[in-house]
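Here the structure is laid out as structure tokens; the discussion comes afterwards.
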Amino acid sequence: MKPFLCVMFLGSIASALTGCHAQVVRDSPTPEEFGCRFLEGKVVASMTASPLVEGAPEVVANRRYDVTLVDVPGGKGGSVVFKVGDSPPAYVLMSADVPLSISDGPNPPRPSTGAASVSGCPELKADHMFVPSADRMTLTFGPTSLSSVIVVVTHGQYMHVH
0 MKPFLCVMFL
10 GSIASALTGC
20 HAQVVRDSPT
30 PEEFGCRFLE
40 GKVVASMTAS
50 PLVEGAPEVV
60 ANRRYDVTLV
70 DVPGGKGGSV
80 VFKVGDSPPA
90 YVLMSADVPL
100 SISDGPNPPR
110 PSTGAASVSG
120 CPELKADHMF
130 VPSADRMTLT
140 FGPTSLSSVI
150 VVVTHGQYMH
160 VH
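Under numbering that gives the first Met the number 0, think of the first position of the sequence shown as 0, with each following residue one higher.
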């Protein structure tokens, strides 16, 4: 037993001295890395946010939307709708840190605070994660001084770690 422990101890010292450390390998990108690819890409769809929740345009997952914001009290803003499907949580990635609130089903809107956490993706300025309680989410932007924002919504198959 002593020779085995001695070998283990010497192996640990050798690894430490050579800088050899175990690394965790991920098979899939984080939601932010995945969304960054869309933020960097060409425009897939342009839309104008609705000043009202009723009749708001719908966005689908894993597409880039250039959303034109409309006049709302206090500046620019508006709403879009996202169908969550069966893969919560949902991640809302944006090109600007625009105020965002989420409502889903009968629940009242709740403000979100998000922060970008991806190095190497200058396009990503805001990152929000939600676990919706209904199959549809209303995303309400603003008020802000910006007239548009790029939005990518992704969901489901990712683990989110900050």
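Glycine included, C-beta positions come from ideal geometry on N, C-alpha and C. Please read these numbers as outputs of a predicted model, since none were measured by experiment.
Note the first and the last residue of the continuous beta strand (DSSP E) segment covering Arg-63. Looking up residue 63 in the sequence shown gives position 64. In this chain, the beta strand (DSSP E) harbouring Arg-63 covers 63-67.
Looking at Thr-137: is its Cβ nearer than 7 Å to the Cβ of Ser-78? Against the sequence shown, residue 137 aligns to sequence position 138. Against the sequence shown, residue 78 aligns to sequence position 79. Cβ distance < 7 Å, so Thr-137 and Ser-78 count as in contact.
Tell me where the beta strand (DSSP E) around Ala-125 begins and ends. On the sequence shown, position 126 is the one that residue 125 refers to. Per DSSP, Ala-125 belongs to the beta strand (DSSP E) from 125-129.
Would you call Arg-63 buried or exposed, if buried means 16 or more other Cβ atoms sit within 10 Å of its Cβ? Against the sequence shown, residue 63 aligns to sequence position 64. By the neighbour-count rule (16 or more Cβ atoms within 10 Å), Arg-63 is buried.
Can you say whether Leu-51 is buried or exposed, counting buried as having 16 or more other CB atoms within 10 angstroms of its CB? Translated into positions along the sequence shown, residue 51 becomes position 52. It counts as exposed.
Mind checking whether Val-151 and Leu-92 have CB atoms under 7 Å apart? Start at 1 with the first residue of the sequence shown, and residue 151 comes out as number 152. Start at 1 with the first residue of the sequence shown, and residue 92 comes out as number 93. A distance below 7 Å separates the beta carbons of Val-151 and Leu-92.
Distance, Val-97 Cα to Val-69 Cα: In the sequence shown, residue 69 corresponds to position 70, counting from 1. In the sequence shown, residue 97 corresponds to position 98, counting from 1. Cα to Cα, the separation comes out at about 13 Å.
Nearest CA to the CA of Val-83: which residue from Ser-45, Ile-101, Pro-121? For the purposes of this step, residue 83 is identified with residue 84 of the sequence shown, where counting begins at 1. Ranked by Cα distance from Val-83, the first of Ser-45, Ile-101, Pro-121 is Ile-101.
Taking the beta carbon of Gly-34 as the centre, do at least 16 other beta carbons fall within 10 Å, making it buried, or is it exposed? Counting from 1 along the sequence shown, the entry for residue 34 is found at position 35. Buried, by the Cβ-count rule.
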